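Numbering of the sequence shown is given in the working numbering, commencing with residue 64 and proceeding in unit increments. Report on one structure; see the data block that follows.
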Amino acid sequence: MTYTKKTVHGAWSSRFAFILAATGSAVGLGNIWKFPYITGENGGGAFVIVYLLCVLLIGIPIMIAETMLGRRSQKNPIEAMEVLTDEAGADHNWHYLGWMGVIAGLLILSYYSVIAGWASAYILKAFTGSFLDADALTIKKIFDDFVASPIQLIFWHSLFMLATMLIVVRGVNNGLEKAAQYLMPSLFVLIFALVGYAMTTDSYFQGLHFLFMPDFSKLTSNSVLTAMGHAFFTLSLGMGAIMVYGSYLSKNISIAKTAFLIAGADTVVALLAGIAIFPIVFANNLHPNSGPGLIFETLPIAFGSMTGGWLMGILFFVMLAVAALTSAISLIEPAVAWLVENKDFTREKACVWSGLVTWALGLGTVFSFNIWSNVKFFDRSIFQLLDYLTANLMLPIGGFCIAVFSGWIMKKHHSEQELNMPNETSYQIWKLLISYVAPGSVFLVFLHVIGVL
Ligand code: TRP
Numbered sequence: 064m065t066y067t068k069k070t071v072h073g074a075w076s077s078r079f080a081f082i083l084a085a086t087g088s089a090v091g092l093g094n095i096w097k098f099p100y101i102t103g104e105n106g107g108g109a110f111v112i113v114y115l116l117c118v119l120l121i122g123i124p125i126m127i128a129e130t131m132l133g134r135r136s137q138k139n140p141i142e143a144m145e146v147l148t149d150e151a152g153a154d155h156n157w158h159y160l161g162w163m164g165v166i167a168g169l170l171i172l173s174y175y176s177v178i179a180g181w182a183s184a185y186i187l188k189a190f191t192g193s194f195l196d197a198d199a200l201t202i203k204k205i206f207d208d209f210v211a212s213p214i215q216l217i218f219w220h221s222l223f224m225l226a227t228m229l230i231v232v233r234g235v236n237n238g239l240e241k242a243a244q245y246l247m248p249s250l251f252v253l254i255f256a257l258v259g260y261a262m263t264t265d266s267y268f269q270g271l272h273f274l275f276m277p278d279f280s281k282l283t284s285n286s287v288l289t290a291m292g293h294a295f296f297t298l299s300l301g302m303g304a305i306m307v308y309g310s311y312l313s314k315n316i317s318i319a320k321t322a323f324l325i326a327g328a329d330t331v332v333a334l335l336a337g338i339a340i341f342p343i344v345f346a347n348n349l350h351p352n353s354g355p356g357l358i359f360e361t362l363p364i365a366f367g368s369m370t371g372g373w374l375m376g377i378l379f380f381v382m383l384a385v386a387a388l389t390s391a392i393s394l395i396e397p398a399v400a401w402l403v404e405n406k407d408f409t410r411e412k413a414c415v416w417s418g419l420v421t422w423a424l425g426l427g428t429v430f431s432f433n434i435w436s437n438v439k440f441f442d443r444s445i446f447q448l449l450d451y452l453t454a455n456l457m458l459p460i461g462g463f464c465i466a467v468f469s470g471w472i473m474k475k476h477h478s479e480q481e482l483n484m485p486n487e488t489s490y491q492i493w494k495l496l497i498s499y500v501a502p503g504s505v506f507l508v509f510l511h512v513i514g515v516l
């Protein structure tokens, strides 16, 4: 099943390589760091149900569409939209969609790298035994002292950006594929071990109750927006990452089947992370709504008190940093692919420039946790603003456009041919979801948030 194309544009060596890389992109900080803390902030069960519905009805259809647009065009997102509008005889303004994706990717990576830096720093903390026999208060102090130091955050952010760019510079087969191949399976095993620990706490069922028993009175329109935005974020949708990965995919592979596999794996990891974390939160009288520090304030307690916890702690943060790395490379790949294919940059030069821009933007997030913690725009810190702007606005808008393009602009026989579904019914279901349900839901949620509905 090998497929090579002699152009600057790369190609995956197999279907399995694509699945691994796309799962590597999807599974990351979004699942293990972000999902638990936003679930905690938004009241638990009801939020989780809305998120799951969004994955099923909006996320999966759009993942199929985005992969399809990438593979059909075999181009980076900006060029892809140009090629596809030509094919459909549509307006060229659609290529702004590609632009928005490239920008969203850099903005997300700027803060993503700072948080991934935290995970990297925690490898060292675990190794030096900082968590051994520490109580919840000590663990919280370790975290608070750490994020109060701009120098430390800059150091780890820089290290993480450097690692990302070193992988991206090596291109599709040597860099992206190899990174995902070994590390994703190990992460699954470790999360299962943590769930095992959570089961031994007295608060296991309280944690499950929080995560799965819906109380819809806790749901505000902004929590619905956050749940929907997170469905895009966690599946890496709406900014062209999956489109680029799709463009490296060979023609004989079933897009729909792979999308289900990837979304399924991603959802399982997020739910397992929640099942591991909330019992620890309740067992130690912590608050589920303590924000971005949640996993850094809870999991070390488990590592500090369980047998074998020292090694588990090290391994866990290694895996988390690696999961973040396989996601980070997909955030910057659209920018790099575009610079290489359209601006005649060498891959090296493209990496240096996009990496530097992202690194510099990341300083805003670093400082928002310490020296600029009082700087607020619309009541949000720089980090919160970047997160809101990208995950809650840009990704859903990007996804909306991808859905409208695939459902209404692209010729039916083109999408039908490209998706090559096993039967007409599956295609019709997808077509219904992508033309009406997905864009309609995004639209309704936006109307609700701005108060029109
Ligand atoms: N999905 C990743 C996570 O959950 C983050 C990510 C990688 C992403 N590539 C993306 C988010 C593209 C949005 C768009 O950690």
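Note that CB positions come from ideal geometry on N, CA and C, so glycine has one too. Since the structure is predicted, the reported quantities are computational estimates derived from the model, not experimental observations.
Beyond the five residues adjoining it in sequence on each side, LEU195 comes within less than 6 Å, by CB distance, of GLY367 in the same chain, given in chain order.
Assigned with DSSP and collapsed to three states, ARG78 falls in helix. Not one heavy atom of ligand 1 sits closer than 8 Å to the Cβ of LEU449. Remark: C-beta atoms of GLY427 and SER173 approach each other more closely than 9 Å. Within the same chain, Cβ atoms closer than 8 Å to the Cβ of LEU516 are found at LEU507, LEU510, the five residues on either side in sequence being excluded. Assigned with DSSP and collapsed to three states, PHE440 falls in strand.
When the five nearest sequence neighbours on each side are left out, the beta carbons in the same chain lying within less than 8 Å of the beta carbon of ALA182 are those of LEU92, TRP96, PHE380, LEU383, ALA384, ALA387, in order along the chain. Taking C-beta atoms as the reference points, TRP373 and ALA189 count as a pair closer than 9 Å.
Inter-residue distance for MET276 and GLN269 is about 10 Å (C-alpha atoms, whole angstroms). In the DSSP assignment, GLY133 falls within the alpha helix (DSSP H) that extends over 123 to 136. Between ALA304 and LEU402, the beta carbon gap of about 16 Å keeps them out of contact (Cβ cut-off 8 Å).
Where TYR490 is concerned, the enclosing alpha helix (DSSP H) starts and stops at 487 to 495.
Taken atom to atom, the span from the alpha-carbon of ALA336 to that of LYS314 is near 35 Å. Remark: the shortest separation between the CB of ILE171 and any heavy atom of ligand 1 falls under 8 Å. In the three-state reduction of the DSSP assignment, ARG233 falls in the coil class, being assigned neither a helical nor a strand state. When C-alpha distances from TRP471 are compared across ASN483, PRO459, MET484, TRP493, the shortest belongs to TRP493.
At a cut-off of 8 Å, the beta-carbon of SER183 does not count as near ligand 1: no heavy atom of the ligand is closer than that. Residue state for ASN315 is assigned as coil, using DSSP reduced to three classes. Per the Cβ contact rule, the segment 155 to 173 is not in contact with the segment 313 to 332 (fewer than 3 Cβ pairs under 8 Å). In this structure GLY309 touches MET131 by the C-beta definition: roughly 7 Å separates them, less than 8 Å. At a cut-off of 8 Å, the beta-carbon of LYS188 does not count as near ligand 1: no heavy atom of the ligand is closer than that. Of all alpha-carbon atoms in SER286, ILE343, PHE218, the one lying nearest the alpha-carbon of SER266 is that of ILE343. With fewer than 16 other CB atoms across the displayed protein chains lying within 10 angstroms of its CB, ILE513 is exposed.
Nearest C-alpha to ALA197 among VAL252, LEU362, GLU396, SER284: LEU362. Between ligand 1 and ASN156, a heavy atom-to-CB distance of less than 8 Å is absent.
Looking from the CA of ILE205, the closest CA among THR191, ILE338, PHE341 belongs to THR191.
Per the Cβ contact rule, the segment 416 to 425 is not in contact with the segment 118 to 137 (fewer than 3 Cβ pairs under 8 Å).
Under the 8 Å Cβ criterion, the segment 278 to 288 does not count as touching the segment 347 to 362, having fewer than three qualifying pairs. Of the residues assessed, ASP450 falls on the buried side of the cut-off, its CB having 16 or more other CB atoms within 10 angstroms. When only Cα atoms are considered, CYS464 and ARG134 end up about 17 Å apart.
In this chain, the alpha helix (DSSP H) harbouring HIS158 covers 158 to 190.
If you draw a 10 Å sphere on the C-beta of PRO502, you find 16 or more other C-beta atoms in it, and that means buried.
At a cut-off of 8 Å, the beta-carbon of LYS494 does not count as near ligand 1: no heavy atom of the ligand is closer than that. Taking SER221 as the centre and dropping the five residues before and after it, the same chain places the C-beta of TRP422 closer than 7 Å to its C-beta, in chain order. The C-beta distance from ASN94 to VAL252 rounds to 15 Å, too long to meet the 8 Å contact threshold. If you look at ILE465, you'll find it in the alpha helix (DSSP H) that goes 458 to 467.
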